[in-house]
Structures are given as C-alpha cells and as structure tokens.
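Written out below as structure tokens is the structure these notes cover.
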Amino acid sequence: MKHEIDPAATTRDRAFRLWMDAPMPMVTFFRTLDVTRLRRVARRRGLKFNMLMCYCIGRAASTVKEFYLLPVGRKLLRYDALAVNTIVANRTGEVSSCDVPFTDDLAAFNADYLRLTGRVRETCTDHDLPDSMVIGTSALARYEIDGAVGMYSGIFNNPFMIWGRYRRRLLRTTLSVSFQFHHTQMDGAHAARFLDALQREIDRL
Numbered sequence: 385m386k387h388e389i390d391p392a393a394t395t396r397d398r399a400f401r402l403w404m405d406a407p408m409p410m411v412t413f414f415r416t417l418d419v420t421r422l423r424r425v426a427r428r429r430g431l432k433f434n435m436l437m438c439y440c441i442g443r444a445a446s447t448v449k450e451f452y453l454l455p456v457g458r459k460l461l462r463y464d465a466l467a468v469n470t471i472v473a474n475r476t477g478e479v480s481s482c483d484v485p486f487t488d489d490l491a492a493f494n495a496d497y498l499r500l501t502g503r504v505r506e507t508c509t510d511h512d513l514p515d516s517m518v519i520g521t522s523a524l525a526r527y528e529i530d531g532a533v534g535m536y537s538g539i540f541n542n543p544f545m546i547w548g549r550y551r552r553r554l555l556r557t558t559l560s561v562s563f564q565f566h567h568t569q570m571d572g573a574h575a576a577r578f579l580d581a582l583q584r585e586i587d588r589l
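Taking our numbering, the leading residue of the sequence shown gets 385, the next gets one more, and so forth.
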C-alpha cells in the first residue's frame, strides 16, 4: 500500500521544498563493488547472478527508511513495501519491464523472480507493482561499462541502478555500478549508507 503524507511531518520537508522544483533533482553515485561471494554463490547453488544482485539491493534498501518515501507528482508518498525492477529480454528480441516484490526470504524471492520474468519474457507485457516503492535496475551484462547516468524524465522519480559485466581479477570479482536517486527522497549520506549496506549484504550472502 501507499499513502500520501505531509512532507512537514517528515525529515524530508526541507529537501521537498528545495528540490521538487529543481530542473534536475537527480543525483548519481558511482561505486565499485566486490561481488566475489555473490558470483561464487550463484555458481555453487545454480542461481542467477542478476537475481542475487536484485535480492541484495532489496535487502540493503530495506535498512534505509528513506527508500520507503518517494515524490510522485507534487506529492510525497510513503510505501509499505519495496520491489526491485529488472529489464527482461523478451521473446521478440525487445525488452520488457518486470517488478519483483521484495521479500527477505531468498528462496521465495528467487521463485517470484523466475516466475515473473518468465511470464514477462513470454507475454512481452510489463509487470508493474504500483503499490510498491520500486528500485529500478538495468543490467548490461554483456558489456564492460564504467558507469552510466540515467535519464530524468520528470515522470519517474524512482531510484535506479545500472551495471555492466563484472570483472575477474585473480581472486576477486568486481562490478561497477551507478546509483541514481531523487534528492527529495534522500541525501547523499543516505545513498552512501545504502551502497555500504549493499556491499555488506553481498559479503554475507
């Protein structure tokens, strides 16, 4: 569920007043993650690397309360649930969008991920969860990129992560990611805390 709230009753009131009318309110951070453990777990347990990334993103975001807030239009909304979006290559060779509800249960999240992305792949129809605060992701797993700055359309204010191919170096595997967020939703310290939490979730997967 989602509810409209009074910004003045939250810690984001000043940010709401400062950034809602800004022509470019989005901020992008870049980070290189150590995904050695994530890649090892994926290989040993026969799980998809991208699914595990989405799961760790959801776990890390759930520890930062600002992720449950989102400016939509001229309103500030509070959400009760999170979801992680993934872009799916569908059977026509194009791409579709799939929101996967976040749950702390890895087996349940994996089952939802496989079921929903499989349906989207076959039907070529997006799966949206409008009552969840959705974290967007885009994995360009075939390509080596150092980072990407997302487009600000003025329609979608959701946080968004992009990454390319991971890099193997001796005993370590690294992944460069970009994280874009609306300044009304969170400050730089919140975003940095989220990225630190994401690294911790990967390390203890």
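Virtual Cβ for every residue (Gly too), placed ideally from N, Cα, C.
**Asked** Are Glu388 and Leu460 closer than 9 Å when you measure CB to CB?
**Response** Their beta carbons are under 9 Å apart, which means Glu388 touches Leu460 by this criterion.
**Message:** Just to confirm, is the Cβ distance from Asn541 to Asn469 under 9 Å?
**Reply:** no
**Counted within 10 angstroms of its Cβ, other Cβ atoms place Ala445 as buried (16 or more) or exposed** = buried
**Local conformation of Cys440 per DSSP, three classes** = helix
**Asked** Should the region 553–565 be called in touch with the region 408–426, which here means at least 3 C-beta pairs below 8 Å?
**Response** yes
**Item:** 3-residue-minimum beta strand (DSSP E) runs that sit fully inside the region 455–506, ordered along the chain
**Value:** 459–463, 466–473 and 479–485, all fully within the region 455–506.
**Prompt:** Is DSSP giving Leu559 helix, strand or coil here?
**Reply:** strand
**Message:** Spatial neighbours of Glu506 within its chain, please: C-beta separation below 8 Å, excluding the five flanking residues on both sides.
**Reply:** Asn474 and Arg475
**Prompt:** Any idea if Leu402 is buried or exposed, counting beta-carbon neighbours within 10 angstroms, 16 or more meaning buried?
**Reply:** Under this definition Leu402 is an exposed residue.
**Request:** Go through its chain and collect everything with a Cβ distance to Thr557's Cβ below 6 Å, but skip five positions before and after it.
**Result:** Val419, Thr420, Arg423 and Tyr550
**Prompt:** Residue range of the alpha helix (DSSP H) that Arg423 falls in?
**Reply:** Thr420 to Arg429
**Prompt:** So who's on the other strand from Gly520, going by DSSP bridges?
**Reply:** Phe544
**Request:** Output yes or no for whether 9 Å exceeds the beta carbon distance between Ile529 and Ile546.
**Result:** yes
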